[in-house]
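Quick notes on the structure that follows.
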Amino acid sequence: MEFAFSDEQQMIAETAQAFFTQNATSTRTRAAMAGDGIDRDLWRYFCQDLGFAGIAIGEDLGGAGLGLVELAIIAEAAGAQVAALPMLGSLLQVAPAIAAGGSDAQQAEWLPALLSGETIAAYVEVSDLRVEGQLLTGTSRFVTHGAAADLLLVTNGEGAWLVRADTPGVTVTTQTSLDQTRPFARVELDQVAAEALADPAGGLACAYRTALVGIAAEALGGAQSCLDRTVDYSKERIQFGRPIGSFQAYKHRLADMMIEIEQARSAVYWAACALDEEAPDAPLALHAAKSFATDTYFRCAGDMIQLHGGIGFTWEHDAHLFFKRARSLQTMLGNGDWHRERIASMILGEAA
Amino acid sequence: MKLGFSREDELFRQECADWLNGQMAGEFRDIKGVTKLTGSPQRRKEWEQQLAAHRWSCIGWPEQWGGRNATLSQQVIFAEEYARAGVPGRVNHIGIELAGPTILTFGTEEQKQRFLPDIAAGKTIFCQGFSEPNAGSDLAGVRTKARLEDGEWVVNGQKIWTSLAHISDWIFVVTRTEEGSQGPKGLSFLMMPIDQPGIEIRGIRQINGDAEFNETFFTDARCPADSLIGAVGDGWKIAMGLLAFERGVSTLGQQMGFRNELDEIIAAAKANGAAQNPLIRQRIARAEIGLRLMRYGALRMLSQTDNSRMDGAALTYKIQWATWRRSLGELAMDVLGQEGEISPYSEYEWDTLPNLFLFSRADTIYGGTNQIQRNLIAERGLGLPREPRWTS
């Protein structure tokens with residue numbers, strides 16, 4: 001038992017933090033927000049030069065063969081800068097689904113392009129999907145980075161199919177979205193020819209846990225950033241002749257943020273580590289991490305605006321990027337209440 | 001990063017569990033499940049001695065002083081199995097977790113010889129004399145005085161909130177040894193035997209009706225000159241060092257006690273139908289999450305190799321568990337409804353859950369109030385400007 005980063009993990013963390021801090025700047029993120037929510041240069045460099053794209057994908061499939069702890073480290077660093085990357089759909093959902101549930105041919109066809117960043121994938125969940133042979137019909141309005149996607153993984157929660165975005169019958173419409181660093185698209189499928197994933201259950205399960213760990217870690221990074229930036233501000237901003245960070249009403253609020261964030265940190269790495277070790281408490285850990293870390297992020301982002309005063313409410317300040325990402329992560333893949341109800345069911349049995 | 005335990009560790013776990021369960025089913029079955037600190041004090045002193053006789057008393061200590069040189073993982077395992085077996089809390093926890101480590105760190109060879117074997121053996125029960133009526137959160141404001149006279153320290157003054165003083169053999173006290181000094185300067189750290197005419201102990205009744213803590217009065221109380229830990233004037237440094245020991249492995253054992261409390265709430269909720277209330281379900285889930293995060297926070301804290309500074313997990317631990325437990329007490333009452341407001345006893349005495357509700361109001365006060373914790377976190381963890389304090 002040693003619940004601390006190894007030297008190698010520490011090195012990955014430092015590399016990732018340096019990379020995102022230097023490159024995922026506010027200026028670049030805002031340029032991406034004005035477009036399709038992707039900083040293409042950042043994406044290319046992230047995938048091809050750093051080689052972090054396939055961090056938790058097996059070496060035989062072209063990945064780095066590391067685990068969810070290392071993936072969480074990367075997602076945390078990306079979240080700290082609200083990086084405008086299609087990481088969620090491409091790397092946290094579709095690539096793991098294909099790696100865990102794809103046939104050899106599907107893996108060979110898609111994984112190299114996904115990991116190099118040349119292909120961008122999106123995850124399309126349609127609860128009332130109509131399946132006629134290999135033809136799919138249905139609509140989702142909440143497909144992250146859907147407008148930029150080359151490949152769609154369509155699922156109704158049981159089956160999973162691969163669909164090229166340029167297949168006839170696919171219509172993708174950009175939606176004006178709260179979080180412009182991860183905009184939603186409406187994806188309509190009208191009798192679209194699709195290829196079934198070889199093992200949908202295995203693929204979807206892997207996508208689910210990878211995405212939840214990634215989202216929770218991203219939230220942790222974002223929350224820590226909200227705190228760090230507010231602390232910096234509180235030391236510079238002078239009112240009543242002293243730094244506002246010297247006022248106890250202000251200090252205590254920052255302390256409360258740190259108390260939540262430290263618990264979120266425990267939650268994220270407990271979940272990642274428990275999943276890597278296939279520990280019996282891994283399912284509980286996953287629900288705990290998702291709900292706790294994203295709720296913490298939202299609270300910290302809200303506090304960031306409050307504690308910055310008027311400047312925190314401006315478009316110019318980055319506080320709203322965190323605030324909007326936080327709100328979006330809270331709802332993504334089940335909100336806090338939903339995940340806590342899953343935990344309640346584990347402890348108390350299903351509600352009558 | 002690794003959460004699992006090795007095969008050797010799991011064997012050790014089995015050894016701990018076997019011994020503890022054997023004791024709780026055998027000779028010491030009468031104290032199994034006793035939760036209150038004041039319950040069956042004599043039997044629990046005997047239990048301390050039984051632990052020591054089998055070298056389970058202070059397993060993290062060096063073998064020389066009755067320990068086992070146990071690894072961190074082994075200490076974690078023992079703490080968990082100890083609580084899982086329903087073994088009552090250590091009546092000498094102040095001795096083994098605070099006084100002992102303080103003597104190990106700051107004591108002379110002679111002091112180690114004199115105190116450590118008896119602490120480990122459960123023969124010397126310690127209590128802590130820090131707070132005074134006018135020195136609470138501002139501990140450096142202590143006024144209890146000590147002076148050297150004929151090769152003895154002579155102590156006058158008053159301590160308060162001295163938990164378990166009435167069943168203890170020794171007390172360590174922070175005293176002012178420099179006449180006219182103020183704040184953290186001029187303080188010294190003394191070990192004093194309690195059974196003497198100069199020390200008087202009066203119980204203080206708490207909101208739950210129990211009396212675990214006391215007022216302790218010193219009127220020309222005495223101890224030998226070599227009862228001083230460190231040098232004259234080192235009192236503040238040693239007191240602060242001691243407080244750091246509070247974040248040790250014992251926190252995991254404490255958490256197992258919390259586990260039992262939460263389990264009791266869960267059982268009550270299932271039995272009375274509260275478990276069907278979606279709002280209660282959310283709160284139970286939150287409590288479960290909070291407890292798990294406490295465990296992993298503690299493991300992070302214990303896994304930290306650089307102990308020269310407290311990391312975020314260590315700094316936030318006290319307020320985290322205290323606030324969690326206070327909420328747990330409130331949850332317990334919401335689950336129980338009015339049933340929680342009547343006691344089966346004729347005395348003003350409470351079963352576990354109502355007692356939890358009442359006692360947990362103290363958790364966010366003792367050992368540094370939540371307000372003080374937030375100051376510490378903001379100043380040490382976030383580097384914010386410091387509050388006004390004693391200038392030296």
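Chains as they are written, first to last, in the UniProt record's numbering: chain A, 1 to 352; chain B, 1 to 392. The C-beta atom is built at its ideal place from N, Cα and C for all residues, glycine as well. Treat the numbers as computed from the prediction; the structure is a model and nothing was measured.
- Among the residues of the segment 271 to 289 of chain B, those with a Cβ less than 8 Å away from any Cβ of chain A are Ala275, Gln276, Pro278, Arg281, Gln282, Ile284, Ala285, Arg286, Glu288, Ile289, in the order of the chain.
- Every alpha helix (DSSP H) stretch that sits fully inside the segment 26 to 97 of chain A and reaches 4 residues is listed by chain position as 26 to 34, 40 to 44, 68 to 80.
- Residue-level contact by beta carbon fails for Thr144 of chain B and chain A, as no gap is shorter than 8 Å.
- Listed along the chain, the chain B residues whose CB falls inside 8 Å of the CB of Asp337 of chain A are Gln282.
- In the DSSP assignment, Val268 of chain A falls within the alpha helix (DSSP H) that extends over 248 to 276.
- Bridge partners of Lys159 of chain B according to DSSP: B:Thr216.
- CA-CA distance, Thr369 of chain B to Ile94 of chain B, rounds to 19 Å.
- Counting every other CB atom within 10 Å of its CB across the protein chains shown gives Asn92 of chain B a total of 16 or more, marking it as buried.
- Among the CB atoms of chain A, one or more fall inside 8 Å of the CB of Ser73 of chain B.
- Put simply, of B:Val232, B:Ile171, B:Ala362 the residue whose alpha carbon is nearest the alpha carbon of Lys185 of chain B is B:Val232.
- The distance from the Cβ of Arg186 of chain A to that of Arg141 of chain A is about 5 Å, consistent with a contact at the 8 Å cut-off.
- Under the three-pair Cβ rule at 8 Å, the segment 116 to 123 of chain A counts as touching the segment 86 to 106 of chain A.
- The beta-bridge partner set that DSSP reports for Lys145 of chain B consists of B:Asn156, B:Arg176.
- Beta-bridge pairing by DSSP links Thr144 of chain A to A:Phe184.
- Linking Thr105 of chain B to Ala314 of chain B through their CA atoms gives a straight-line distance of about 20 Å.
- For Cys223 of chain B, DSSP records a beta bridge to B:Trp153.
- Looking at the DSSP output, Trp170 of chain B sits in a beta bridge with B:Phe126, B:Pro193.
- In the three-state scheme derived from DSSP, where H, G and I count as helix and E and B as strand, Thr139 of chain A is classed as strand.
- Under the 8 Å Cβ criterion, the segment 316 to 331 of chain B does not count as touching the segment 290 to 302 of chain A, having fewer than three qualifying pairs.
- Non-local beta-carbon contacts of Arg55 of chain B in its own chain, meaning distances under 8 Å to residues more than five positions away in sequence, involve Gly66, Gly67, Arg68 in chain order.
- Counting along the chain, the unbroken beta strand (DSSP E) around Tyr123 of chain A starts and ends at 121 to 125.
- Within 7 Å of the CB of Lys159 of chain B, no CB atom of chain A is found; the nearest one sits about 28 Å away.
- For Phe240 of chain A, the closest Cβ of chain B is not nearer than 8 Å.
- It is roughly 12 Å from the alpha-carbon of Thr144 of chain A to the alpha-carbon of Leu333 of chain A.
- In summary, Pro388 of chain B is exposed, with fewer than 16 beta-carbon neighbours lying within 10 Å of its beta-carbon over all protein chains present.
- Nearest to Arg299 of chain A by C-alpha distance, out of A:Leu329, A:Ser127, A:Val170, is A:Leu329.
- Residues of the same chain with a CB within less than 8 Å of the CB of Met256 of chain B, apart from the 5 flanking positions on each side, are Ala79, Glu80, Tyr82, Ala83, Arg84 in chain order.
- In this chain, the beta strand (DSSP E) harbouring Ala160 of chain A covers 160 to 164.
- The closest CA to that of Met257 of chain A, considering only B:Trp236, B:Glu339, B:Leu382, B:Gly89, is found on B:Leu382.
- Around the C-beta of Pro96 of chain A, 16 or more other C-beta atoms lie within 10 Å, and the residue is accordingly described as buried.
- Per the C-alpha coordinates, the member of A:Ile12, A:Ser26, A:Glu2 positioned closest to Glu316 of chain A is A:Ser26.
- Beta-bridge partners assigned by DSSP to Lys2 of chain B: A:Glu2.
- For the segment 54 to 79 of chain B, residues whose beta-carbon sits nearer than 7 Å to a beta-carbon of chain A comprise Ser73, Val76.
- Sequence-distant Cβ neighbours of Lys235 of chain A in its own chain, meaning closer than 7 Å and more than five residues away, are Pro243, Gly245.
- Taken through DSSP and simplified to helix, strand or coil, Glu118 of chain A comes out as coil.
- Listed along chain B is no residue with a C-beta nearer than 9 Å to that of Lys290 of chain A; the closest approach is about 11 Å.
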